[in-house]
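Heads up: the sequence shown is residues 4 to 180, going by my numbering. All remarks here apply to the structure that follows.
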Amino acid sequence: MRRVVQAAHRLGCNAAAVGVAGDPSPSALQNAADRLKKILQGADRMEMNLLIASSDGFTKDPEKLTELIKKIGGFRIGTFPDFERAAKSGDGNHYLKRLTPYASALTASSISFKDAKGGVGYVHEPYDLTEMAKTVVSVGYQGTLAIDYRGTGDPIEGIEKTKAILSAALGKEVEAE
C-alpha cells in the first residue's frame with residue numbers, strides 16, 4: 004500500500020484509495036487499523052489522503068468501515084464509496100449516508116441503461132443513479148464524483164449517459180465538449 008501512496012503522490016494526486024479485506028473479527032479490525040496507521044504516517048508526510056474503498060470482508064459493512072476509520076483517526080483518512088457497492092449492500096441509501104461524510108471522493112459507477120418512458124433521456128439499471136446522487140447531496144457532500152462505466156458496449160457513450168443522469172439529478176447543465 005505504501006507504493007500505491009507513493010505512486011499517487013508522484014502523479015500529483017491528493018489521495019490514494021486502497022481496498023482492505025479481512026474477516027469481521029475484532030482482531031482483524033485492529034490489525035488493519037494498526038497497519039493503516041503506519042501507512043497514513045507516510046501519507047501525511049507527503050500531504051496525501053488515504054481513502055479506504057469498500058471491498059469483500061469487514062469493509063463491506065459500512066458500520067465496520069466507519070469503526071475502522073475511527074480506530075485509525077486523523078483527518079487524512081477517509082472512505083471511497085461506490086454506487087454499485089452501495090446498491091449491493093441491500094440498502095444503498097443507508098450505505099451512502101453512513102460512508103459519505105468520511106469521503107473526499109465517490110465513484111458513480113454505472114452498468115447499463117434503457118430509454119426512459121416517453122423516449123426522453125435514460126434510466127440506469129440495475130440501480131437508480133438519480134437516487135444515489137441525491138442521497139450523497141443530502142448529507143452535504145460537495146467533493147469529487149468520479150464516473151466509472153462498468154458496462155458492455157461503448158464506454159464513451161456509457162460515461163456520457165451517466166454524466167447526463169447525474170447532471171439532471173444535481174440540477175446542473177451538461178456542458179458540450
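Positions of the beta carbon are idealized from the N, C-alpha and C atoms, including for glycine.
Proximal residues to residue i (C-beta, below 8 Å), its chain only, five neighbours per side dropped
i	result
residue 146	106, 107, 108, 109
residue 52	17, 18, 19, 46, 79, 80, 81, 107
residue 158	152
residue 65	57, 92, 97, 98, 101, 102
C-beta atoms of residue i and residue j nearer than 8 Å
i	j	result
residue 137	residue 128	no
residue 140	residue 173	yes
residue 111	residue 86	yes
residue 60	residue 24	yes
residue 32	residue 70	yes
residue 43	residue 55	no
residue 49	residue 7	no
residue 63	residue 36	no
Chain-order list of residues whose beta-carbon lies under 7 Å from that of residue i (same chain, five-residue window excluded)
i	result
residue 115	128, 154
residue 104	142
For residue j and residue i, believed in contact at Cβ under 8 Å, the rounded distance
i	j	result
residue 98	residue 168	Their Cβ separation, rounded to whole angstroms, is 19 Å, which puts residue 98 and residue 168 out of contact at 8 Å.
residue 150	residue 166	6 Å
residue 181	residue 144	Because the chain spans 4 through 180 in this model, residue 181 falls outside it and cannot be assessed.
Cβ shell of residue i (< 6 Å), same chain only, five flanking positions each side left out
i	result
residue 96	138
residue 88	57
residue 4	21, 42
residue 162	150, 152
DSSP-derived helix/strand/coil call for residue i
i	result
residue 55	strand
residue 147	strand
residue 107	coil
residue 78	coil
residue 18	strand
Cβ-based burial, residue i [other Cβ within 10 Å; buried from 16]
i	result
residue 28	exposed
residue 30	exposed
residue 142	exposed
residue 120	exposed
residue 10	exposed
Test: residue i CB closer than 8 Å to a CB of chain D
i	result
residue 79	Looking at the structure shown, chain D is missing, and only one protein chain is on hand.
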